[in-house]
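Asks:
Protein chains: 2
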Amino acid sequence: MTNPIRPTDDEARALARDLMQAARFTALGVVLDGGMPLVTRTGFGLGPQGQPLCLVSSLAMHAQALRANPACSMMVGEPGQKGDPLTHPRLSLIGRVSFVEHGSPEYAEMAAQYLRSHPKAKLYIGFADFSFVCLQVETAHLNGGFGKAFQLGPQDLQFTA
Amino acid sequence: MTNPIRPTDDEARALARDLMQAARFTALGVVLDGGMPLVTRTGFGLGPQGQPLCLVSSLAMHAQALRANPACSMMVGEPGQKGDPLTHPRLSLIGRVSFVEHGSPEYAEMAAQYLRSHPKAKLYIGFADFSFVCLQVETAHLNGGFGKAFQLGPQDLQFTA
Numbered sequence: 000m001t002n003p004i005r006p007t008d009d010e011a012r013a014l015a016r017d018l019m020q021a022a023r024f025t026a027l028g029v030v031l032d033g034g035m036p037l038v039t040r041t042g043f044g045l046g047p048q049g050q051p052l053c054l055v056s057s058l059a060m061h062a063q064a065l066r067a068n069p070a071c072s073m074m075v076g077e078p079g080q081k082g083d084p085l086t087h088p089r090l091s092l093i094g095r096v097s098f099v100e101h102g103s104p105e106y107a108e109m110a111a112q113y114l115r116s117h118p119k120a121k122l123y124i125g126f127a128d129f130s131f132v133c134l135q136v137e138t139a140h141l142n143g144g145f146g147k148a149f150q151l152g153p154q155d156l157q158f159t160a
Numbered sequence: 000m001t002n003p004i005r006p007t008d009d010e011a012r013a014l015a016r017d018l019m020q021a022a023r024f025t026a027l028g029v030v031l032d033g034g035m036p037l038v039t040r041t042g043f044g045l046g047p048q049g050q051p052l053c054l055v056s057s058l059a060m061h062a063q064a065l066r067a068n069p070a071c072s073m074m075v076g077e078p079g080q081k082g083d084p085l086t087h088p089r090l091s092l093i094g095r096v097s098f099v100e101h102g103s104p105e106y107a108e109m110a111a112q113y114l115r116s117h118p119k120a121k122l123y124i125g126f127a128d129f130s131f132v133c134l135q136v137e138t139a140h141l142n143g144g145f146g147k148a149f150q151l152g153p154q155d156l157q158f159t160a
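One line per chain: the protein sequences are A and B, in this order. Going by numbering that gives the first Met the number 0, the residue at position 73 of the first sequence is 72; the numbering climbs one at a time, nothing skipped. Going by numbering that gives the first Met the number 0, the residue at position 116 of the second sequence is 115; the numbering climbs one at a time, nothing skipped.
(1) Please report how far the alpha carbon of residue 86(B) lies from the alpha carbon of residue 18(B), in whole angstroms.
(2) Give the secondary structure of residue 7(A) by DSSP, where H, G and I count as helix, E and B as strand, and everything else as coil.
(3) Measuring alpha carbon to alpha carbon, tell me which of 26(A), 151(A), 104(A), 65(A) ends up nearest residue 98(A).
(4) Let me confirm a value: residue 9(B) is counted as buried when at least 16 other C-beta atoms fall within 10 Å, else exposed. Which label applies?
(5) Chain B partners of residue 39(A), CB-CB under 8 Å?
(6) Is the Cβ-Cβ distance between residue 141(A) and residue 89(A) less than 9 Å?
(7) Determine the contact status of residue 112(B) and residue 44(B), defining contact as a CB-CB distance below 9 Å.
(8) With 9 Å as the threshold, decide whether the Cβ of residue 58(A) is near any Cβ in chain B.
(9) Can you tell me the Cβ-Cβ gap for residue 21(B) and residue 26(A), rounded? I've got them flagged as a contact below 8 Å.
(10) Identify whether residue 40(B) lies in helix, strand or coil by the three-state DSSP scheme.
(11) Quick one, are the C-beta atoms of residue 16(A) and residue 158(A) less than 9 Å apart?
(12) Examine chain B for any beta-carbon lying closer than 9 Å to the beta-carbon of residue 137(A), and answer yes or no.
(13) Using a Cβ-Cβ cut-off of 8 Å (strictly less than) and excluding sequence neighbours within five positions of residue 12(A), which residues of its own chain qualify?
(14) In chain order, which continuous runs of the alpha helix (DSSP H) of length 4 or greater are located wholly inside the segment 53-113 of chain B?
(15) Alpha carbons only, please: which of 83(B), 127(B), 145(B) is nearest the one belonging to residue 102(B)?
(16) Could you check if residue 107(B) is buried or exposed, using at least 16 other CB atoms within 10 Å of its CB as the buried criterion?
(17) Give the residues of chain A in contact with residue 26(B), contact being defined as C-beta atoms less than 7 Å apart.
(18) Have a look at residue 50(A) and residue 23(A) and give me their C-alpha separation to the nearest angstrom.
(19) For residue 119(B) and chain A, any beta-carbon pair shorter than 9 Å?
(20) Between the beta-carbon of residue 38(A) and the beta-carbon of residue 70(A), is there less than 9 Å?
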């Protein structure tokens, strides 16, 4: 069987970072107790060090699943209105998350930054059941459109100051 | 902690079926060997009996993962251009998939139906590495917008002829 993965180049790295920077929400994948996957939608942004993060409510099943099992995937990159949606690039991140709890100084810093790109989140970012989950990326799969697949590592996704 | 799940009603059932019927692609969640989740984008449609299905290439990691472990989640329901994307309804299906292999009479029937809603898929639906994965839904989570969560069973998602 043909290996469909292309060698990683600077264009792929730039596309992956662009997708992360543009994303305001994500398809979040978690593994439930019992081993079934669950995909849900959450807000998505980048933290002070450029790390991918989601804003989650502890009332939601995905947050409860991540407390029990931090293994996580986040897909970013939305198709436009025109053409085959599968020709639009998207990035699937895989890694483990850690929680940044509501009420901590780190939460306040992240929330201030998050609100700059997600102004409507001000309606709920102050609720006590909300926290951030920050992803430590282990690997990522970039699909740049039909037949343009790349496998990236955390170093390929780093933002330089 | 408050239970955020509302009692299922006909409005929720109708919304869930509308989301499935309108969807042309999905965020597909699988569990990789080793237990990490992976979320990717694939085409999505409904089969002859109204069953949720995806068109996948055997070259893709998600297809290989589903061959090894049929546990699967599919999220449908895309946000519009305006407003907080988290106010837009979406449905997360959970279940197990079975493959409908390229070259089988069932594949031909599904492909003919799929092409009516996905005309651009004619570019690749005939490729030998493509097959359908059909989901046997076990449970589903409907988020009808902020604070409107429902848990549905397969019977809530059935289309009546």
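For every residue, glycine included, the Cβ atom is placed at its ideal position computed from N, Cα and C. Bear in mind that the values here come from a model prediction, so they are computed numbers and not experimental data.
Replies: Working from what's here:
(1) Rounded to whole angstroms, residue 86(B) to residue 18(B) spans 14 Å at the Cα level.
(2) The three-state reading of DSSP puts residue 7(A) in coil, since its state is none of H, G, I, E or B.
(3) 65(A)
(4) exposed
(5) 74, 89, 91, 140, 142
(6) yes
(7) Judged by their CB atoms, residue 112(B) and residue 44(B) are nearer to each other than the 9 Å cut-off.
(8) yes
(9) Residue 21(B) to residue 26(A), Cβ: 17 Å. No contact.
(10) strand
(11) yes
(12) At least one chain B Cβ lies under 9 Å of residue 137(A).
(13) 151, 155, 156
(14) 60-67
(15) 127(B)
(16) By the 10 Å Cβ count, residue 107(B) comes out exposed.
(17) 26, 38, 74
(18) 14 Å
(19) yes
(20) Contact flag unset, no.
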